[in-house]
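Asks:
2 protein chains.
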Amino acid sequence: MTETAQRLREAAFELFEQEGYDATTVDDIADRAGLGRSTFFRHFRSKEDVIFPDHSDVVTRVRDRLAAAGPADTPSAVTDAARIVLRRYVDEGELARSRYRLTRTIPLLRAREIAHMQQYQREFREFVRAWTGEPPGADLRAELLASAIVVAHNQVLRRWLRGESDSPEAELDEAMALVTSIHAPDAGDTGATVLVVRSRRDADTVAAAVRRALRE
Amino acid sequence: MTETAQRLREAAFELFEQEGYDATTVDDIADRAGLGRSTFFRHFRSKEDVIFPDHSDVVTRVRDRLAAAGPADTPSAVTDAARIVLRRYVDEGELARSRYRLTRTIPLLRAREIAHMQQYQREFREFVRAWTGEPPGADLRAELLASAIVVAHNQVLRRWLRGESDSPEAELDEAMALVTSIHAPDAGDTGATVLVVRSRRDADTVAAAVRRALRE
DNA sequence: CGCTATCGTGGTACTGAGTACCGTACCCGA
DNA sequence: TCGGGTACGGTACTCAGTACCACGATAGCG
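Residue numbers (the working numbering), protein chains in the order written: chain A, 601 to 816; chain B, 601 to 816.
Given below as structure tokens:
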């Protein structure tokens with residue numbers, strides 16, 4: 601982010617807050633930054649682009665973190681990767697909150713924001729897919745887990761953006777723990793065993809039999 | 601959908617397929633339909649709008665189906681509601697497939713499509729939220745379940761759009777069964793018993809004990 | 001020191017989406 | 001036959017986005 605681009609971005613956010621997104625023209629932004637219209641489009645491909653940061657480096661870092669995961673530390677790799685994304689937003693501070701106010705009200709921008717998140721979801725999905733080894737197209741479980749990760753992250757992020765959370769990273773840990781416990785029950789709660797038993801007998805009978813067996 | 605709007609829509613899809621989305625102007629579409637440019641914008645608010653059907657009635661039907669659900673038939677209500685959406689696409693036939701080819705290649709349209717799905721996700725989320733009675737903002741479980749429903753639906757829909765599925769409704773049933781079993785393990789699979797056993801012994805020992813006990 | 005290549009910038013002119021507004025034809029009931 | 005509503009067509013405008021060119025500063029090289 602060069603000095604010039606920074607000037608343009610600040611001018612844009614000020615005007616968007618004061619006048620509204622639609623009422624602000626690119627000319628207005630350039631004028632306020634003391635620059636020409638051409639210069640704006642040299643630094644940002646569109647009027648929307650000035651709002652959203654370049655996520656490509658974050659996507660790369662997420663991919664790298666996931667690729668570095670060994671067979672044993674899958675949940676921690678996922679949590680770490682989600683934390684990278686979360687931190688990116690939190691580090692932006694008020695800028696992220698201002699963007700949130702815009703995306704909440706302008707449908708066009710909301711769609712764009714969602715599209716960004718889909719990029720992350722794609723990374724998680726490919727990771728989970730490689731992990732489970734299922735073929736593309738029929739791997740609903742991978743899709744579900746990947747979307748659950750992103751949904752959990754977004755929920756924590758939104759709470760922070762609305763100022764409802766002071767320690768988003770701790771909340772992220774909780775949220776990711778819930779997600780992993782839902783999608784891989786055996787992985788949570790060390791010392792617990794989950795058994796799926798097909799039987800014609802009712803649950804109480806089975807439970808009693810198990811307790812009796814464990815007392816042997 | 602009036603006769604005029606139908607003519608415009610058909611002309612638009614023909615041109616989008618032949619010339620590409622970006623290369624086709626609204627003038628081209630109107631000319632091909634033998635109508636004026638003003639007429640196009642009277643029937644569709646934007647160039648994108650001609651691609652997407654009006655989902656508001658489907659959203660309403662989904663909401664109504666969910667609202668009509670009794671306390672006992674939650675999973676079937678969710679499945680029914682998802683089926684309403686799926687059927688809407690399937691009934692469109694080749695039109696839906698043509699739209700899919702466009703949304704796959706044009707990022708702008710893809711974002712728009714996803715935004716549409718968010719509408720449905722919202723309905724499911726509110727339904728689940730009312731069901732669980734959790735407060736807004738802290739109800740991660742509701743968000744997760746709602747997104748899982750939509751993801752499952754979309755996966756089935758995409759398979760049909762790509763011609764990989766002959767009986768999408770049956771696949772939807774399977775997918776929704778998986779989702780509900782993940783999010784409410786006790787509810788799936790009649791005749792199965794799920795036991796959570798805390799024990800210092802390893803899983804194999806426990807399993808062996810259970811099998812032995814059930815043979816009694 | 002002067003010449004040139006390069007890069008960031010500003011300006012101009014264009015295409016195309018979307019809006020506002022007006023004129024007109026047609027249909028339909030009074 | 002006469003209003004009045006409705007759907008269409010045309011014109012003119014704003015603004016996003018693209019293409020292109022011209023200018024100035026700076027840096028490297030002879």
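For every residue, glycine included, the Cβ atom is placed at its ideal position computed from N, Cα and C.
Specify the secondary structure class of E600(B) as computed by DSSP and reduced to three states.
Replies: Nothing in the structure corresponds to residue 600(B), since chain B is present only between 601 and 816.
Asks: Between the alpha carbons of A696(B) and F613(B), how many angstroms are there, rounded?
Replies: Here residue 696(B) refers to the residue found at position 96 when the second sequence is read from its first residue. Here residue 613(B) refers to the residue found at position 13 when the second sequence is read from its first residue. Whole-angstrom Cα-Cα distance: 11 Å.
Asks: Let me know if P768(A) comes out buried or exposed under the rule of 16 or more other beta-carbons within 10 Å of its beta-carbon.
Replies: Here residue 768(A) is taken as the residue at index 168 of the first sequence, counted from 1. So P768(A) counts as buried.
Asks: Please work out which residues of its chain come closer than 7 Å, Cβ to Cβ, to V750(A), disregarding the five sequence neighbours upstream and downstream, and give them in chain order.
Replies: As a first step, residue 750(A) is located in the first sequence; it is residue number 150 there, counting from the start. Only M717, Y720, Q721 and F724 meet the Cβ criterion.
Asks: Using a cut-off of 8 Å between C-beta atoms, extract the partners of A715(B) located in chain A.
Replies: For the purposes of this step, residue 715(B) is taken as residue 115 along the second sequence, with counting starting at 1. Neighbours of A715(B) on chain A, chain order: P707, R710, A711 and I714.
Asks: To which residues of the same chain is R699(B) closer than 7 Å at the C-beta, ignoring the five residues directly before and after it?
Replies: Along the second sequence, read from residue 1 onward, the residue named residue 699(B) stands at position 99. Same-chain partners within the cutoff: I651.
Asks: For E726(A) and chain B, any beta-carbon pair shorter than 9 Å?
Replies: For the purposes of this step, residue 726(A) is taken as residue 126 along the first sequence, with counting starting at 1. Not closer than 9 Å to any Cβ of chain B, the Cβ of E726(A) fails to qualify, so no.
Asks: Any idea what DSSP makes of L635(B), helix, strand or coil?
Replies: Within the second sequence, residue 635(B) is the residue found at index 35, counting from 1. Note: L635(B) maps to coil in three-state DSSP.
Asks: In angstroms with no decimal places, state the Cα-to-Cα distance between W760(B) and Y689(B).
Replies: Within the second sequence, numbered from 1, the residue matching residue 760(B) stands at position 160. Within the second sequence, numbered from 1, the residue matching residue 689(B) stands at position 89. Approximately 10 Å, taken between the alpha carbons.
Asks: Taking A770(A) as the query, report the chain B residues whose CB atoms sit under 8 Å from its CB, ordered along the chain.
Replies: Within the first sequence, residue 770(A) is the residue found at index 170, counting from 1. Within 8 Å Cβ-Cβ: nothing; A770(A) doesn't reach chain B, min ~14 Å.
Asks: Can you give me the C-alpha to C-alpha distance between V756(B) and A775(B), rounded to a whole angstrom?
Replies: One-based indexing of the second sequence puts residue 756(B) at position 156. One-based indexing of the second sequence puts residue 775(B) at position 175. Rounded to the nearest angstrom, the two C-alpha atoms are 8 Å apart.
Asks: If A711(B) and A746(A) are in contact, beta carbons under 8 Å, what's the gap, nearest whole angstrom?
Replies: Position 111 of the second sequence, counted from the first residue, corresponds to residue 711(B). Position 146 of the first sequence, counted from the first residue, corresponds to residue 746(A). Not a contact, Cβ separation roughly 18 Å.
Asks: Between the stretch 603-610 of chain A and the stretch 619-633 of chain A, do three or more beta carbon pairs fall short of 8 Å?
Replies: These segments touch.
Asks: If we count the other Cβ atoms within 10 Å of its Cβ and call it buried at 16 or more, is V728(A) buried or exposed?
Replies: Taking the first sequence and counting its residues from 1, one reaches residue 728(A) at position 128. Buried.
Asks: Identify, in the order they occur along the chain, each residue of the same chain with its Cβ nearer than 8 Å to the Cβ of V659(A), setting aside the five sequence neighbours on each side.
Replies: Indexing the first sequence from 1 puts residue 659(A) at position 59. So the list reads Q719, Y720 and E723, once near-sequence residues are dropped.
Asks: So, for T625(B): in the same chain, excluding its five sequence neighbours on each side, which residues have a beta-carbon less than 8 Å away from its beta-carbon?
Replies: Position 25 of the second sequence, counted from the first residue, corresponds to residue 625(B). Excluding positions up to five away in sequence, the list is empty.
Asks: Quick one: residues in its chain with C-beta nearer than 7 Å to the C-beta of R683(B), no 5 flanking neighbours on either side, listed in chain order?
Replies: Within the second sequence, numbered from 1, the residue matching residue 683(B) stands at position 83. Around R683(B): E769 and L772.
Asks: I'd like to know whether the C-beta of A748(B) is nearer than 9 Å to at least one C-beta of chain A.
Replies: Walking along the second sequence from the start, residue 748(B) turns up at place 148. Yes, contact with chain A.
Asks: Report the three-state DSSP secondary structure of M601(B) (helix, strand or coil).
Replies: For this step, residue 601(B) is matched to residue 1 along the second sequence. Of the three classes helix, strand and coil, the one that applies to M601(B) here is coil, per DSSP.
Asks: By the 7 Å beta-carbon criterion, what residues does the stretch 604-617 of chain A contribute toward chain B?
Replies: Flagged: no residues at all.
Asks: A775(B) versus chain A: which residues are under 7 Å apart at the beta carbon?
Replies: Residue 775(B) sits at position 175 when you count from the first residue of the second sequence. Per Cβ cutoff of 7 Å: L740.
Asks: Applying the 10 Å Cβ sphere with the 16-neighbour rule, what's the burial state of G623(B)?
Replies: Translated into the one-based positions of the second sequence, residue 623(B) becomes position 23. Residue 623(B) is actually Ala in this sequence, not Gly. With fewer than 16 Cβ atoms within 10 Å of its Cβ, A623(B) is classed as exposed.
Asks: For A696(B), would you say it is in contact with chain A, using Cβ-to-Cβ distances shorter than 9 Å as the test?
Replies: By 1-based counting over the second sequence, the position of residue 696(B) is 96. So no, A696(B) is outside the interface.
Asks: With a CB to CB cut of under 7 Å and the five nearest residues on each side skipped, what residues in its chain are close to H655(B)?
Replies: Your numbering for residue 655(B) matches position 55 in the second sequence. These residues qualify, in order along the chain: H716 and Q719.
Asks: Hey, out of P653(A), R704(A) and S676(A), whose CA is closest to R587(A)'s CA?
Replies: Only positions 601 to 816 of chain A appear in this structure, which leaves residue 587(A) out of reach.
Asks: If I'm right that D628(B) touches L615(B) with Cβ under 8 Å, what's the distance once you round it to whole angstroms?
Replies: The count along the second sequence starts at 1 and reaches residue 628(B) at position 28. The count along the second sequence starts at 1 and reaches residue 615(B) at position 15. Between L615(B) and D628(B) the Cβ distance is about 6 Å, and since that is below 8 Å, they are a contact.
Asks: Tell me where the alpha helix (DSSP H) around E764(A) begins and ends.
Replies: One-based indexing of the first sequence puts residue 764(A) at position 164. Segment: none, E764(A) is in no alpha helix (DSSP H) and carries neither H nor E.
Asks: Cβ closer than 7 Å: which chain A residues qualify as neighbours of E743(B)?
Replies: In the second sequence, the residue the question calls residue 743(B) occupies position 143. Residues of chain A passing the Cβ test: V751 and Q755.
Asks: Quick test of your reading: W731(B) and T679(B), contact by CB under 8 Å. State the CB separation rounded to the nearest angstrom.
Replies: Taking the first residue of the second sequence as position 1, residue 731(B) is located at position 131. Taking the first residue of the second sequence as position 1, residue 679(B) is located at position 79. 15 Å between Cβ atoms; not a contact.
Asks: Verify whether the separation of the beta carbon atoms of R741(B) and L778(A) is less than 9 Å.
Replies: As a working mapping, residue 741(B) is identified with position 141 in the second sequence. As a working mapping, residue 778(A) is identified with position 178 in the first sequence. The answer is yes: Cβ separation under 9 Å.
Asks: So with CB distances below 8 Å, who are the chain B contacts of I782(A)?
Replies: Taking the first sequence and counting its residues from 1, one reaches residue 782(A) at position 182. Per Cβ cutoff of 8 Å: L744, I782 and H783.
Asks: In chain B, what lies closer than 7 Å to Q719(A) by C-beta?
Replies: Counted from its first residue, the first sequence places residue 719(A) at position 119. Simply none; closest approach about 11 Å.
Asks: Tell me the DSSP secondary structure of A792(A) in three-state form.
Replies: Along the first sequence, one-based indexing puts residue 792(A) at 192. Low confidence applies here, because A792(A) scores a pLDDT of 47, under 50, leaving its location unreliable and the question unanswered by this model.
Asks: Less than 9 Å between the C-beta atoms of A669(A) and S676(A), yes or no?
Replies: Residue mapping note: residue 669(A) aligns to position 69 of the first sequence, counting from 1. Residue mapping note: residue 676(A) aligns to position 76 of the first sequence, counting from 1. Contact: yes.
Asks: Is the CB of L702(A) under 9 Å away from at least one CB in chain B?
Replies: What you label residue 702(A) is simply residue 102 of the first sequence in a count that begins at 1. So, not an interface residue.
Asks: If you draw a straight line from the C-alpha of T602(A) to the C-alpha of K647(A), how long is it?
Replies: As a working mapping, residue 602(A) is identified with position 2 in the first sequence. As a working mapping, residue 647(A) is identified with position 47 in the first sequence. Rounded to whole angstroms, T602(A) to K647(A) spans 17 Å at the Cα level.
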